[in-house]
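Residue numbers (the working numbering): 196 to 499.
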Amino acid sequence: MHTRWGEIAISDAHVHFFSHRFFSELARQKAGMSAHDVVRSAGWEPPSEDPAGLAQRWDAELARHSVETAAIIASVPGDEDSVLAAAARFPNRYFAYALVNPLAPDAADRTAAAIERGLRGVCLFPAMHRYCVQDERALRIIDLTAHRPGRVVFVHCGVLTVGIRKKIGLPSPFDMRFSNPVDVHAIALRYPAQPFVIPHFGAGYFREALMVADLCPNVYLDTSSSNSWTRYQPEAITLRQVFDRALHVAGARRLLFGTDSSYFPRGWHSAIFEEQARVLWELGVSREDAELIFGGNLRRLVAQ
């Protein structure tokens with residue numbers, strides 16, 4: 196992609212793969228709704244029932260924006276087959292990530308099988324499923340990735356909202372007691388060779404995310420989404436200040452650019468890229484560091 200720094204290979208570290216199964220699972224939780232009803236209520240395009248069709252749609256969309264590769268996230272537990280099918284269809288485009296609920300009785304077996312098939316990222320959402328990331332069942336999942344090169348553990352911290360749940364009137368009974376990045380500290384120390392990714396700069400726990408990243412060189416911050424959590428800060432803070440502090444604490448080698456793109460017809464959220472590129476340019480980030488943030492770091496982490 197042509198950027199302020201010239202041509203840079205862009206990799207997006209945070210794209211949700213909203214498959215047909217994703218919408219079917221939401222419909223299952225809402226009496227009288229079908230997967231089609233859920234999509235229509237959101238005003239989105241319905242995905243192909245075949246994950247390969249959605250993979251092709253995203254492939255064309257990313258190519259249109261000159262995005263070379265992306266981490267695609269299966270966004271309900273048990274949907275790892277969708278992203279694995281997408282990555283098998285376009286192996287040079289996608290890195291397959293999957294949401295895992297460690298409390299599910301088959302979680303370890305399913306995750307182990309998915310890793311064997313090429314899963315690159317295990318995504319944990321402690322507040323969503325109401326557990327501490329230091330729970331032995333979560334550690335059992337992390338154990339599966341700890342000795343496999345090219346695997347990351349993504350731990351969502353901070354404020355968690357799922358917009359489509361609001362659109363269709365589903366409650367979001369998440370528990371923020373389990374959302375503090377400080378909980379990641381002990382497990383990052385326990386698995387020093389395992390990369391951990393905290394998305395959205397900690398989504399409101401920016402200070403805590405920086406503390407953990409400062410103490411643990413295996414902790415990375417993803418830059419994705421609008422970062423509207425900044426409105427919760429006790430003092431006004433701009434995205435430029437967020438990046439400035441993150442660069443000083445974690446450094447360019449531990450920031451992963453992401454958009455949090457998810458649905459069509461919006462597609463790839465290019466405005467997120469443009470804003471973040473502008474901020475980093477204004478901060479005087481070098482071409483070398485821009486190449487790391489906008490793709491090099493992700494590609495290094497998931498390389499086998």
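Backbone N, C-alpha and C define an ideal beta-carbon position, used for all residues, glycine too.
- In the assembly as shown, D417 is a buried residue. Its beta-carbon has 16 or more other beta-carbons within 10 Å.
- Proximity of the region 316-324 to the region 224-243 falls short of the contact definition, fewer than three beta-carbon pairs being nearer than 8 angstroms.
- Taking the Cβ atoms as the reference, A383 lies roughly 12 angstroms from V347, outside the contact range of under 8 angstroms.
- A distance of 8 angstroms or more separates the beta carbons of R199 and A398.
- Burial is judged here by how many other beta carbons sit within 10 angstroms of a residue's own beta carbon; E469 has fewer than 16 and is exposed.
- Residue pairing by DSSP places I359 in no beta bridge whatsoever.
- Of V233, A265 and G238, the smallest CA-CA separation from W463 is found for A265.
- Counting only runs of 3 or more residues that sit fully inside the region 381-405, the beta strand (DSSP E) segments are 391-393, in chain order.
- When DSSP reads this structure, G316 sits in a beta bridge with Y292 and V347.
- Counting only the Cα atoms, S219 lies some 7 angstroms from S229.
- Taking a contact as a CB-CB distance under 8 angstroms, the pair A341 and Y386 counts as one, their CB atoms being some 5 angstroms apart.
- Check the Cα spacing between Q389 and each of V480, V350 and C327: the tightest is with V350.
- Under the three-state reduction of DSSP output, G201 falls in the strand class.
- For a cut-off of 8 angstroms, the C-beta gap from V377 to V407 is around 6 angstroms, short enough to register as a contact.
- Annotated as proximal: F489 and F452, with beta-carbon spacing under 8 angstroms.
- Around L478, the same chain offers R435, F438, D439 and L442 as residues with beta carbons nearer than 8 angstroms, after the five sequence neighbours per side are excluded.
- Just measuring C-alpha positions, the residue of A404, L339 and G316 sitting nearest S270 is G316.
- Setting aside the 5 residues that flank it on each side, S374 is surrounded in the same chain by A322, C352 and G353, each with a C-beta closer than 6 angstroms to its C-beta; the list follows chain order.
- Burial of T454 is indicated by the presence of at least 16 other C-beta atoms within 10 angstroms of its C-beta.
- With 16 or more other Cβ atoms inside 10 Å of its own Cβ, A302 counts as buried.
- Cβ contact annotation for P460 (same chain, cutoff 6 angstroms, sequence separation greater than five): E240, in chain order.
- With 16 or more neighbouring CB atoms inside 10 Å of its own CB, T306 falls in the buried class.
- Counting along the chain, no beta strand (DSSP E) covers D301, and no H or E run does either.
- In terms of Cβ geometry, I467 and S421 form a close pair [threshold 8 angstroms].
- DSSP places T418 outside both helix and strand once states are collapsed to three, so it counts as coil.
- For the set R426, T425 and R495, the Cα lying nearest the Cα of R449 is the one of R495.
- Under the DSSP assignment, A266 falls in the beta strand (DSSP E) whose first and last residues are V262 to A269.
- Per the C-alpha coordinates, the member of A281, H260, L257 and V262 positioned closest to I268 is A281.
- D304 is classed as exposed because its beta carbon has fewer than 16 other beta carbons within 10 Å across all chains shown.
- Its Cα nearest to that of V444, the residue F401 stands out among Y427, F401 and R426.
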